[in-house]
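A.B. asks: Just dropping this structure here.
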Amino acid sequence: MNDHKGILLESGTNELEIVEFQVGSSKFGINVIKVKEIIQTIPVTFIPHAHPHVEGIVQLRGEVLPVVSMAKVLGLPEVNKNEQEKYIVTEFNKQKVVFHVDNVTQIHRISWEQIEKPSDIYQGGTSHVIGVIKRVDEMVLLLDYERIIVDINPESGINVESVKKLGERERSNKKVVIAEDSPLLRKLLHDTLHAAGYFNLEFFENGKDALGYLEDLVKVSSDIAEQVQMVVTDIEMPQMDGHALTRKIKENSNLAKLPVLIFSSLITDDLRHKGDQVGAEDQISKPEIAELVLKIDQYIL
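Count along the sequence shown from 1, add 457, and you get the number used in this note's numbering.
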């Protein structure tokens with residue numbers, strides 16, 4: 458599990474691999490790309506007055522990392538220790554975090570099309586579930602790991618103040634199409650880009666809907682540049698991910714000149730080549746929203 462950089466070498470296939478793990482009697486999934494390694498549990502150093510979800514800290518290869526109890530995050534009772542418990546060591550949003558789970562079961566390769574968006578009826582406003590993977594004999598839940606960390610440490614989230622520091626700018630009527638599945642991030646992007654002077658925004662929950670919108674536009678007028686000036690996309694989204702969306706835009710002769718910016722927690726030195734392969738103009742790591750605004754300025758003002 459230490460070296461999974463060879464997995465899914467081809468970008469834009471709309472597939473992902475998930476590590477399936479267990480907490481209580483439920484199965485959950487995390488994108489392999491976020492996982493650095495899976496290890497046996499080791500003793501934790503307790504930290505006084507830490508967030509209730511944080512068990513403490515561990516030292517791994519000289520780095521001090523926080524350990525997050527997934528049972529506490531999910532509101533499940535913590536059971537007695539067992540030999541199958543694991544630490545999933547992750548890296549995303551430019552930080553490393555260890556998730557303590559009851560067991561790691563297997564790895565699946567699936568298409569984003571197999572992931573259903575959770576219904577509002579059972580999701581509610583506080584659920585961490587962002588997708589449901591239906592398998593023959595079970596359901597696996599995809600969780601919003603970025604939100605889990607922001608709940609523990611709000612400072613790690615998007616800092617809207619950083620955009621205000623950019624100062625006054627030319628007000629723009631340029632149209633930006635944004636694909637982002639997180640309602641929280643859609644609102645943050647809406648408010649932040651409005652503050653930066655971008656009012657003509659069209660939001661979509663996944664790459665499939667965004668692509669359909671763009672394809673419909675070029676049926677009316679083949680010059681897409683007259684109608685949309687920029688696409689901003691997340692990577693992890695149900696139905697169609699951001700790499701597949703970018704590849705399809707660049708392969709469509711009517712859409713290819715549209716600048717595409719990838720804004721994702723998965724932008725790391727190891728993974729930047731994936732966005733390059735599909736033709737993205739630039740890639741910005743969440744939560745660097747001020748950098749995103751500057752890149753939008755650069756490409757369309």
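Heads up, the beta-carbon is just placed ideally off N, CA and C, and yes, glycines get one too.
Is the separation between the beta-carbon of V561 and that of P523 shorter than 8 Å?
C.D. replies: Locating residue 561 in the sequence shown gives position 104, counting from the first residue. Locating residue 523 in the sequence shown gives position 66, counting from the first residue. Result no, Cβ atoms of V561 and P523 do not sit closer than 8 Å.
A.B. asks: Relative to the ligand NAD, is the shortest distance from any of its heavy atoms to the C-beta of V677 smaller than 7 Å?
C.D. replies: Ligands displayed in this structure: none; no statement on the ligand NAD is therefore possible.
A.B. asks: When the Cα of R518 is compared with those of I504, E595 and V546, which residue comes out closest?
C.D. replies: Locating residue 518 in the sequence shown gives position 61, counting from the first residue. When only C-alpha atoms are compared, the closest one is V546.
A.B. asks: Excluding sequence positions up to five away, which residues of its chain have a Cβ less than 6 Å from the Cβ of M458?
C.D. replies: As a position in the sequence shown, residue 458 is number 1, starting the count at 1. With a pLDDT of 45 at M458, under the threshold of 50, the modelled position of that residue is not reliable, and the figure given next carries that caveat. Excluding residues within five positions, the ones whose Cβ falls inside 6 Å are E494 and I495.
A.B. asks: Considering only their Cβ atoms, is the gap separating I572 from L599 smaller than 8 Å?
C.D. replies: As a first step, residue 599 must be located in the sequence shown, where it is residue number 142. As a first step, residue 572 must be located in the sequence shown, where it is residue number 115. Yes.
A.B. asks: Nearest by alpha-carbon distance to P534: which of G654, S482 and F661 is it?
C.D. replies: In the sequence shown, residue 534 corresponds to position 77, counting from 1. Residue S482 is the option with its Cα nearest to P534.
A.B. asks: With a floor of 3 residues, list each beta strand (DSSP E) that falls wholly inside the segment 703-734, ordered by position along the chain.
C.D. replies: Counting whole runs of 3 or more residues, the segment 703-734 contains the beta strand (DSSP E) stretches 717-721.
A.B. asks: Do three or more CB pairs link the segment 673-693 to the segment 630-637 at distances below 8 Å?
C.D. replies: They touch, by the three-pair rule.
A.B. asks: What does the alpha-carbon distance come out to for the pair G699 and V536?
C.D. replies: Your numbering for residue 699 matches position 242 in the sequence shown. Your numbering for residue 536 matches position 79 in the sequence shown. Going from the Cα of G699 to the Cα of V536 covers about 38 Å.
A.B. asks: I'd like to know if the segment 739-746 and the segment 711-724 are in contact, where contact means that at least 3 CB-CB pairs between them fall below 8 Å.
C.D. replies: Counting Cβ pairs under 8 Å, three or more are found: they touch.
A.B. asks: Closer than 6 Å by C-beta to H461: which residues in its own chain qualify, once you throw out the five before and the five after it? Chain order, please.
C.D. replies: Translated into the one-based positions of the sequence shown, residue 461 becomes position 4. Model confidence at H461 stands at a pLDDT of 44, short of 50, so the residue's coordinates are unreliable; what they give is reported in the following sentence. Hits under 6 Å: V489.
A.B. asks: Am I right that L702 and G664 are in contact with their C-beta atoms under 8 Å? What's the rounded C-beta distance?
C.D. replies: Here residue 702 is taken as the residue at index 245 of the sequence shown, counted from 1. Here residue 664 is taken as the residue at index 207 of the sequence shown, counted from 1. With a Cβ gap of about 3 Å, L702 and G664 count as contacting.
A.B. asks: Distance cutoff 8 Å, beta carbons only. Does R729 sit that close to anything in chain C?
C.D. replies: Protein chain content of the structure displayed is limited to a single chain, and chain C is not contained in it.
A.B. asks: Buried or exposed for L758, please, with buried defined as at least 16 other CB atoms from any protein chain shown within 10 angstroms of its CB.
C.D. replies: In the sequence shown, residue 758 corresponds to position 301, counting from 1. That one is exposed.
A.B. asks: Check each candidate in V480, P500 and I567 and name the one with the smallest Cα separation from G532.
C.D. replies: Indexing the sequence shown from 1 puts residue 532 at position 75. With distances taken between Cα atoms, G532 lies closest to V480.
A.B. asks: Could you spell out the range, first to last residue, of the beta strand (DSSP E) harbouring I741?
C.D. replies: The residue you call residue 741 lines up with position 284 of the sequence shown. Residues D739 to S742.
A.B. asks: Might you give, ordered along the chain, the residues of its own chain that have their beta carbon closer than 6 Å to the beta carbon of A507, omitting 5 neighbours on each side?
C.D. replies: Within the sequence shown, the letter at position 50 stands for residue 507. So the list is empty, once near-sequence residues are dropped.
A.B. asks: Could you pull out every residue in the same chain whose Cβ sits closer than 7 Å to the Cβ of L658, ignoring the five residues on either side in sequence?
C.D. replies: Looking up residue 658 in the sequence shown gives position 201. The residues are V633, I635, H647 and L650.
A.B. asks: Hey, out of M527, P505, Y756 and D559, whose CA is closest to N539's CA?
C.D. replies: Locating residue 539 in the sequence shown gives position 82, counting from the first residue. Measuring from the Cα of N539, the nearest candidate turns out to be D559.
A.B. asks: Under the three-state reduction of DSSP, which class applies to L758: helix, strand or coil?
C.D. replies: Within the sequence shown, residue 758 is the residue found at index 301, counting from 1. Looking at L758 - three-state DSSP - the assignment turns out to be coil, as it is neither helix nor strand.
A.B. asks: Report the option in D673, E474, F503 and E542 whose CA atom is closest to the CA atom of N763.
C.D. replies: Residue 763 is absent from the model: the chain starts at 458 and stops at 758.
A.B. asks: Run the CB neighbour count on E603, radius 10 Å, all protein chains shown included, and call it buried at 16 or more, exposed below.
C.D. replies: In the sequence shown, residue 603 corresponds to position 146, counting from 1. Its Cβ being crowded by 16 or more others within 10 Å, E603 is buried.
A.B. asks: Could you check if S468 is buried or exposed, using at least 16 other CB atoms within 10 Å of its CB as the buried criterion?
C.D. replies: On the sequence shown, position 11 is the one that residue 468 refers to. Buried: at least 16 other Cβ atoms inside 10 Å.
A.B. asks: Per the DSSP calculation, G588 is bridged to which residue(s)?
C.D. replies: Locating residue 588 in the sequence shown gives position 131, counting from the first residue. In DSSP, G588 forms a bridge with L599.
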